[in-house]
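Q:
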């Protein structure tokens, strides 16, 4: 039996085991997906020496550090990985490690399939420049979009300056810029907790502004307040998982089965 899993600190609330174990069962693959709670100081030892693990997802807070550890040890996907500065999926093959970032295609697939939104030649406002925000920027950068991004952390925005097609703005400019935008993406954790407000003033939402909220564990205040089509991030979680599954197994992921399992797990 092959062992896969998710590596993070903590990971006890992860929905990935339910999704992937259902996928393995659906395709008759003799494998199981587990949770690996790994402290930051133990990450390098786990990545390099747990040779019993055939593949794994990497989550908070290890995505950037894992890239730094593995970039000299394995073959990377130079596109998305280098753009994001982070990895989220690793495969072990004959003691060699291969890694990629499936958050990027996961977001783009969900944007197309769930929101029915084509970003080509559109104006887009992104709130949040952390790990999820970087994946969104990497995915949109080649779409001929006009991309604006804001984060309350100056340091977070500064770390994203490699995205040369993104215009980083101050909070004061959001009111003016959002009027001409076609898509708003929330890549902050605001909305994850019951009682959370919107990441921006709800009065700025308008009928031509599609909304994509990467928060997936509930219907957020932002999604409820949207005046145009809006979705949460469940699809991004699903499709990044599907891309990871295919990266590990070489088999087409049973997306419908995985989606239904995620919906059950959230309930």
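In this note's numbering, the protein residues as written are 23 to 289. Just so it is clear, CB atoms sit at the ideal spot from N, CA and C, and this is done for glycine as well.
(1) Using C-beta distances below 6 Å, list every residue in its chain close to residue 168, excluding the 5 sequence neighbours before and after it, in chain order.
(2) Hey, could you find the ends of the beta strand (DSSP E) residue 77 is sitting in?
(3) I'd like the ranges of any alpha helix (DSSP H) spanning at least 4 consecutive residues and lying wholly in the segment 177-240.
(4) Taking three-plus beta-carbon pairs below 8 Å as touching, is the segment 157-168 in contact with the segment 263-272?
(5) Exposed or buried, which one is residue 294 when buried takes at least 16 other CB atoms within 10 Å?
(6) Could you tell me the distance, in whole angstroms, from the CA atom of residue 256 to the CA atom of residue 238?
(7) So, under 8 Å CB-CB, residue 149 and residue 172 are touching, yes? Tell me the CB distance rounded to an integer number of Å.
(8) Looking only at C-alpha atoms, which of 252, 286 and 288 sits nearest to residue 136?
(9) Starting from the N-terminal side, write out each stretch of the alpha helix (DSSP H) that is 4 residues or longer and does not extend beyond the segment 137-184.
(10) Count the CB pairs spanning the segment 152-160 and the segment 179-198 that are closer than 8 Å, and state whether there are at least three.
(11) Whose C-beta lies closer than 7 Å to the C-beta of residue 254 among residues of the same chain, with five residues either side of it excluded?
(12) Pull the bridge partners of residue 56 from the DSSP assignment, please.
(13) Which residues in the same chain have their Cβ closer than 7 Å to the Cβ of residue 263, if we skip the five residues on either side of it in sequence?
(14) So, residue 75 versus residue 114, is the Cβ gap smaller than 8 Å?
(15) Suppose only complete runs of 3+ residues qualify. What are the beta strand (DSSP E) ranges in the segment 32-56, listed by chain order?
(16) Could you check the C-alpha separation between residue 102 and residue 160 for me, to the nearest Å?
(17) Can you check whether the CB of residue 29 is closer than 8 Å to the CB of residue 77?
(18) With 16 other CB atoms within 10 Å as the buried threshold, where does residue 61 fall?
(19) Can you give me the Cβ contacts of residue 85 inside the same chain, cut-off strictly under 7 Å, excluding the 5 residues immediately before and after it?
(20) Pick helix, strand or coil for residue 115, following the three-state DSSP scheme.
A: To lay it out plainly:
(1) 145
(2) 75-80
(3) 196-199
(4) no
(5) Coverage of the chain is limited to positions 23 through 289, which leaves residue 294 absent and any answer about it impossible.
(6) 5 Å
(7) 6 Å
(8) 252
(9) 153-162 and 176-180
(10) yes
(11) 235, 237, 238, 241, 242 and 245
(12) 27
(13) 38, 41, 42 and 280
(14) yes
(15) none
(16) 7 Å
(17) no
(18) exposed
(19) 108, 109, 110 and 153
(20) strand
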